[in-house]
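Numbering-wise, the UniProt record's numbering puts 42 at position 42 of the sequence shown, and it's gapless, one number per residue.
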Amino acid sequence: MNKKLYKSNDRVLAGVLGGIADYFKIDPNITRLIFVALLLLSWFVPLTIFYIIAAIILPTRPSYYQSEDDNIREGEYRED
């Protein structure tokens, strides 16, 4: 399966950190806490620039997108 990085619909600002969390399959709150901690450790300017560029460049996840983690009950059929 071809994995792509999208902005998340579970967003606080632009969805960049939620999208990164989805890509690496970790809790979005962890990526947000790491981001804020790095901002406070004087990485403010580079991380702010990164976030703005990522918010502009990253596409929003399509509404038909289904991740590998979607729960499908036994016997259900998913049409691709």
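Built from N, CA and C at the ideal position, the CB exists for glycine as well.
Short check: CB of Leu5 to CB of Leu58, under 8 Å?
Yes, Cβ-Cβ distance for Leu5 and Leu58 is below 8 Å.
Near Gly15, which residues of its chain fall below 6 Å by C-beta distance, leaving aside the five closest residues on each side in sequence?
Result list for Gly15: Lys7 and Ser8, in chain order.
Please state whether DSSP places Asp69 in a helix, a strand or coil.
Residue placement at Asp69 is poorly supported in this model, since its pLDDT is 49, which falls under 50; the coordinates still yield a value, given next. If DSSP states are grouped into helix, strand and coil, Asp69 belongs with coil.
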